[in-house]
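Worksheet: the structure to be examined is printed underneath.
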Amino acid sequence: MKNNISKILSIFIAVIALIGAFLFIRIFMTDADDTEALNSAVSSIVSFSTILIYFAIGATVILSLIGLFTNPDNLKKTLLSVAMLGVVLVFAYFLADSEAVLDSQGKVLEGGEAGSSTNQWVGTGIWYSVALGFVASMFFVYDLVKGLIKS
Numbered sequence: 374m375k376n377n378i379s380k381i382l383s384i385f386i387a388v389i390a391l392i393g394a395f396l397f398i399r400i401f402m403t404d405a406d407d408t409e410a411l412n413s414a415v416s417s418i419v420s421f422s423t424i425l426i427y428f429a430i431g432a433t434v435i436l437s438l439i440g441l442f443t444n445p446d447n448l449k450k451t452l453l454s455v456a457m458l459g460v461v462l463v464f465a466y467f468l469a470d471s472e473a474v475l476d477s478q479g480k481v482l483e484g485g486e487a488g489s490s491t492n493q494w495v496g497t498g499i500w501y502s503v504a505l506g507f508v509a510s511m512f513f514v515y516d517l518v519k520g521l522i523k524s
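Note that the sequence shown covers residues 374 to 524 in the working numbering.
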C-alpha cells in the first residue's frame, strides 16, 4: 500500500514538473515585442503557481489538523500554546498606543490620525514581536546554560 502511494505521488510530482517546465519554456518562446502574448504566457505560469500554493496550503492545514485530532496529547499542547500566544497578543494590544503618526515635518500622515485602529494594531504587532523575541531569547539563554552545565 505504501509503495503504491509513493508511485502515485512520484507520478503526480512529475506531471506538475512537466506542466511547470512547459509553461516556463513557453515564456522564453514568446516574442518579447508582443506584449499581449508575453502577458498571456506569464499569466498562465502565475496562475498555475497560485493554484499549487493554495493546494499546498490546504494539504498542510488538513494534514496538520488530522495529526492533531488523532493524537490528543499534541492537541492539548497545541491549544495551550495557542492560548499562551493569545495572552501575549492581549498584553501587546494593551501596551500599544493609537496616537497620531507624524512625518518628518510633524504633520499627521494620511490614515494615521489619532485613535485609528490601524495605528493600534501596528503598535500591537511591534510589541508582539518584541515580546516573542524576548521569550525566544530567554529560551535560548536557558538552553545555552543547560548545555554548559551538562558538559
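Quick reminder that beta carbons are idealized off the backbone N, C-alpha and C, glycines included.
Judged by DSSP secondary structure, Asn412 falls within the alpha helix (DSSP H) whose first and last residues are Thr408 to Thr443. Shortest Cα-Cα distance from Ile386 to any of Met402, Ala429 and Leu411 involves Ala429.
The beta-carbon distance between Leu468 and Trp500, rounded to whole angstroms, is 5 Å. This is short enough to meet the 8 Å contact definition. Here the alpha carbons of Asn376 and Asn412 stand approximately 42 Å from one another. By the neighbour-count criterion, in which a residue is buried when 16 or more other Cβ atoms sit within 10 angstroms of its Cβ, Asn444 is exposed.
The shortest C-alpha to C-alpha distance from Leu462 to any of Ala394, Trp494, Gly520 and Ile398 is the one to Trp494. In this structure, the CA atom of Gly479 is about 17 Å from the CA atom of Asn492. Per DSSP, the continuous alpha helix (DSSP H) segment holding Asp516 begins and ends at Ser490 to Lys523.
For Ala414, the number of other beta carbons within 10 angstroms of its own is at least 16, and it is reported as buried. Under the criterion of beta carbons closer than 8 Å, Asp476 and Gly496 do not qualify as touching, at roughly 17 Å. Straight-line spacing of the CA atoms in Ala465 and Leu505 works out to 10 Å.
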